[in-house]
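Undergrad: In our numbering, the protein residues as written are 1 to 231.
Just so you know, even glycine gets a beta-carbon here, dropped at the ideal spot from N, CA and C.
Given the structure is predicted, the values throughout are model-derived calculations rather than measurements.
Please see the structure below; I have some questions.
The following block contains the structure:
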């Protein structure tokens, strides 16, 4: 048979012993005496390996960069937050001190105002009592002396009422007590004087006048003590 003649072959795929995907072609003659052609097996082409490690490495690198950046950001943020908290704590402490100072200043101002109001009352009413006493001491007739005595009594009673209604600063409590007693004595002395004048009782007039002198002197001492305690 001519070599140009078509060769009928049967192709058989034989697995390689190592399991590789290779094949061997055998030509099996269809008739006796025909030539047998065997195809040499092709060399296995190695599969192209994909660089699967690139993705994990890229992710890992990005994670390191991100974690480093995030760590630095968190560290910076934490530092700033701590600084703000420290400043806030300092500001709150300063504010507490300032509030305490303001409260103390207000209390001091309120006390000073109370003291000023009290001293003003004593000065006005005490001055009126001294004026009345001067008028009483200078009278030359029964009518003038009786009127002056009544006016002195009225003003002394008003003085005592104003003092009792006033707010007395704690540091002036003792002097206020002395003033209270002196006013009570002056009121009683003036009442005795008026009773003696109304009944032509010379003894009561003299006794009342002497007691009034002593009471007015006590009032002056009490007012001096108030002035010293309030300064």
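In the DSSP assignment, find the alpha helix (DSSP H) that holds residue 152 and state where it starts and stops.
TA: Run containing residue 152: 142-165, per the alpha helix (DSSP H) assignment.
Undergrad: Where residue 152 and residue 228 are concerned, what is the direct C-alpha to C-alpha distance, given to the nearest angstrom?
TA: Each residue's alpha carbon lies about 27 Å from the other.
Undergrad: Short check: CB of residue 132 to CB of residue 156, under 9 Å?
TA: The answer is yes: Cβ separation under 9 Å.
Undergrad: Give every residue of the same chain whose Cβ lies closer than 8 Å to the Cβ of residue 83, excluding the five residues on either side of it in the sequence, and list them in chain order.
TA: None.
Undergrad: Would you call residue 169 buried or exposed, if buried means 16 or more other Cβ atoms sit within 10 Å of its Cβ?
TA: Burial call: buried.
Undergrad: Below 8 Å CB to CB, which residues in the same chain sit around residue 205 once its five sequence neighbours on both sides are set aside?
TA: Answer for residue 205: 193, 196, 197, listed in chain order.
Undergrad: Would you kindly work out how many angstroms separate the C-alpha atoms of residue 108 and residue 100, rounded to a whole number?
TA: Taking the straight line joining both Cα atoms gives about 12 Å.
Undergrad: CB residue 186 to CB residue 212, shorter than 9 Å?
TA: Their beta carbons are under 9 Å apart, which means residue 186 touches residue 212 by this criterion.
Undergrad: In whole angstroms, what separates the C-alpha of residue 118 from that of residue 191?
TA: For residue 118 and residue 191, the distance between alpha carbons rounds to 27 Å.
Undergrad: Please name the residue, chosen from 128, 148, 149, 171, that lies closest to residue 159 on a Cα-to-Cα basis.
TA: Comparing Cα-Cα distances from residue 159 to each of 128, 148, 149, 171, the minimum goes to 128.
Undergrad: Reducing DSSP to helix, strand and coil, say where residue 231 ends up.
TA: Of the three classes helix, strand and coil, the one that applies to residue 231 here is coil, per DSSP.
Undergrad: Using only the alpha-carbon positions, how far apart do residue 172 and residue 165 sit?
TA: Near 15 Å, if we compare the C-alpha coordinates of residue 165 and residue 172.
Undergrad: Under the three-state reduction of DSSP, which class applies to residue 201: helix, strand or coil?
TA: If DSSP states are grouped into helix, strand and coil, residue 201 belongs with coil.
Undergrad: With a cut-off of 8 Å on the beta carbons, I'd call residue 136 and residue 163 a contact; round off their distance for me.
TA: Contact flag wrong, Cβ pair sits at about 21 Å.
Undergrad: Taking the alpha carbon of residue 167 as the reference point, which residue from 140, 215, 143, 110 has its own alpha carbon closest?
TA: Residue 110 is the option with its Cα nearest to residue 167.
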